[in-house]
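Student: Just passing along the structure, written as structure tokens.
Numbering (the UniProt record's numbering), first residue to last: 1 to 389.
Below is the structure:
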């Protein structure tokens, strides 16, 4: 084996009902005098719980998904005017993303308290949207110095958003298996993340108050983010960044919808990764309940098995199925294809063309359940026509 792996340095504090204690401990350790809490209006009650033992100098609730540049600038100005020396962000990926935008230019440290399974809290990746284009980058200044995981803060997260956010985390794992910097370490983390998410998410759907299920999902989401931070963005994330930044599609729902189409597209060209995905999904689904996993047919190709298991998980969860439900249209496809092709990693397992990426988006637009047989690339000009089962 020959590879170069970077492990990001970060403190993780995990425990249900201990967010306030852990946030106060980190604020004291960092010597914080002026804390800025970034949270949305919806999530402010959870933020007040998490910061109940800390003194907050500034509450900032101007949070917008995909972090528009003007929103980031307002937050930076507010932090500077208040002399902030620590940011505590409480919420999902948009909240963490805004905190990162402030840290990018100010260097103010972040303590992240996630209330979804977005995973941004464990990466050094930032993203900003300007002129209908989402730009991402890597900078260690945006990596939260500490992450506080408290599953109790996710109990009021609606099941539908739990599902979309959890499948977003699953997409981090899947992409990490063939992303530009994939290596054996982040592939191992990704596989365990898949297993944990496939275990935890069905439990949440079956019983939204199942704290153990939510803890398992949080654990899986953290592993997903760590593997993604190391491996980098693969085809799935390049597609979703275009759909979110250019067409303003909702982040989690877009990732949840696109995931099976990318697996069907790349899986046949990456049988080793597909085998890992299948094994992890089967183990997780079996742990959540044997009835969740379909029977394994002898001689099934790894990509076919992985996709069948993912489709089964998605049916169990009632996952989002069609981009048209989130505002994407047939007329948007040409521009999306043009932007995606510029961003496809050269190392992607399957060759991407205007025809097959356009076909992938059309299948995702309609919500047609993909099969690997329809995703095999015979050659240039072959379309990706998602078949049905």
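We put the CB at the ideal spot given by N, CA and C, even for glycine.
1) Take residue 372 as the anchor and find which of 307, 106, 199, 272 has the nearest alpha-carbon.
2) Residues in its own chain within less than 7 Å of residue 40 by CB, not counting five upstream and five downstream?
3) Since residue 134 and residue 241 should fall inside the 8 Å C-beta cutoff, what is the C-beta to C-beta distance between them, to a whole number of angstroms?
4) Pick helix, strand or coil for residue 241, following the three-state DSSP scheme.
5) Beta-carbon within less than 6 Å of residue 269's beta-carbon, same chain only, minus the 5 sequence neighbours each way: which residues are those?
6) Alpha carbon to alpha carbon, how far is residue 128 from residue 140?
7) Please name the residue in 163, 346, 299, 325 whose C-alpha comes closest to that of residue 238.
8) Leaving out the 5 sequence neighbours to the left and right, which residues in its chain are closer than 7 Å to residue 33 when beta-carbon positions are compared?
9) CA-CA distance, residue 198 and residue 104?
10) Between residue 305 and the rest of its own chain, which residues show a CB-CB distance below 6 Å, the 5 nearest in sequence each way excluded?
11) Spatial neighbours of residue 23 within its chain, please: C-beta separation below 8 Å, excluding the five flanking residues on both sides.
12) Which stretch, first to last residue, makes up the alpha helix (DSSP H) that contains residue 130?
13) Taking 7 Å as the limit between beta carbons, can you name the residues of its chain near residue 220, skipping five residues before and five after?
14) Find out if the Cβ-Cβ distance for the pair residue 253, residue 326 is shorter than 7 Å.
15) Pull up the DSSP beta-bridge partners for residue 134, would you.
16) Throw me the rounded Cβ distance for the residue 246 and residue 339 pair, which I believe falls under 8 Å.
17) Mapping the DSSP letters down to three states, classify residue 46 as helix, strand or coil.
18) State the Cα-Cα distance for the pair residue 303 and residue 161, rounded to the nearest angstrom.
19) In the DSSP assignment, find the beta strand (DSSP E) that holds residue 91 and state where it starts and stops.
20) Determine the direct distance from the alpha carbon of residue 333 to that of residue 313, and round the result to whole angstroms.
21) Would you grab the beta carbon distance between residue 281 and residue 310 for me? Rounded to a whole angstrom, and I think it's under 8 Å.
22) Can you grab the Cα-Cα spacing for the pair residue 119 / residue 76, in whole Å?
23) Under a three-way DSSP split, which group does residue 117 fall into?
24) When the Cα atoms are used, what is the spatial distance from residue 352 to residue 359?
25) Apart from the five residues just before and just after residue 124, which ones in its own chain have a Cβ nearer than 7 Å to its Cβ?
26) Taking the alpha carbon of residue 157 as the point to measure from, which residue in 78, 42, 185 has its own alpha carbon closest?
27) When you compare only the Cα positions, how much space is there between residue 187 and residue 216?
28) Between residue 116 and residue 67, what straight-line distance do the alpha-carbon atoms span, to the nearest angstrom?
29) Distance check for residue 276 and residue 131, CA to CA, integer angstroms please.
30) Across which residues does DSSP place residue 110 in a beta bridge pair?
31) Mapping DSSP to helix, strand and coil, what is residue 14?
32) Using a threshold of 7 Å, state whether the C-beta atoms of residue 74 and residue 154 are closer than that.
33) CA-CA distance, residue 184 and residue 6?
34) Considering just the uninterrupted stretch of the beta strand (DSSP E) at residue 331, what are its terminal residues?
35) What is the rounded straight-line gap between the Cα of residue 16 and the Cα of residue 101?
Tutor: Let me lay it out:
1) The option with the nearest alpha carbon to residue 372 is 307.
2) Closer than 7 Å at the Cβ level, and outside the excluded window around residue 40, lie 61, 63, 91, 95.
3) Confirmed, about 5 Å.
4) The three-state secondary structure of residue 241, taken from DSSP, is helix.
5) Cβ neighbours of residue 269 beyond the five flanking positions: 349, 350.
6) Straight-line Cα distance between these residues: approximately 16 Å.
7) Among 163, 346, 299, 325, the Cα nearest to that of residue 238 belongs to 346.
8) Within the same chain, 85 come within 7 Å of residue 33 by CB-CB distance, once the 5 residues on both sides are set aside.
9) If you take the alpha carbons of residue 198 and residue 104, they lie about 34 Å apart.
10) Hits under 6 Å: 278.
11) Within the same chain, 50, 51, 53, 54, 88, 111, 113, 148 come within 8 Å of residue 23 by CB-CB distance, once the 5 residues on both sides are set aside.
12) No alpha helix (DSSP H) contains residue 130, which is instead part of the beta strand (DSSP E) from 125-130.
13) When the five nearest sequence neighbours on each side are left out, the beta carbons in the same chain lying within less than 7 Å of the beta carbon of residue 220 are those of 169, 193, 196, 197, 200, in order along the chain.
14) Closer than 7 Å, so yes.
15) In the DSSP assignment, the residues bridged to residue 134 are 129.
16) The pair is a contact, with the Cβ atoms about 6 Å apart (cut-off 8 Å).
17) Here residue 46 sits in helix by DSSP.
18) Answer to the nearest angstrom: the Cα atoms are 27 Å apart.
19) Unbroken beta strand (DSSP E) run through residue 91: 86-91.
20) Each residue's alpha carbon lies about 28 Å from the other.
21) The beta-carbon separation of residue 281 and residue 310, rounded to 6 Å, stays under the 8 Å limit for a contact.
22) Near 23 Å, if we compare the C-alpha coordinates of residue 76 and residue 119.
23) Three-state result, residue 117: coil.
24) It is roughly 11 Å from the alpha-carbon of residue 352 to the alpha-carbon of residue 359.
25) If we look at residue 124 and ignore the five residues flanking it on each side, its Cβ neighbours are 8, 138, 139, 140, 142, 143, 229.
26) Closest option to residue 157, judged by alpha-carbon separation, among 78, 42, 185: 42.
27) The straight-line gap from Cα to Cα measures roughly 19 Å.
28) The straight-line gap from Cα to Cα measures roughly 17 Å.
29) Approximately 39 Å, taken between the alpha carbons.
30) Bridge partners of residue 110: 87.
31) Correct three-state label for residue 14: strand.
32) Contact flag unset, no.
33) Looking at the two C-alpha atoms, the distance is approximately 12 Å.
34) Where residue 331 is concerned, there is no enclosing beta strand (DSSP E), because DSSP gives it neither an H nor an E.
35) Cα-Cα distance, rounded: 28 Å.
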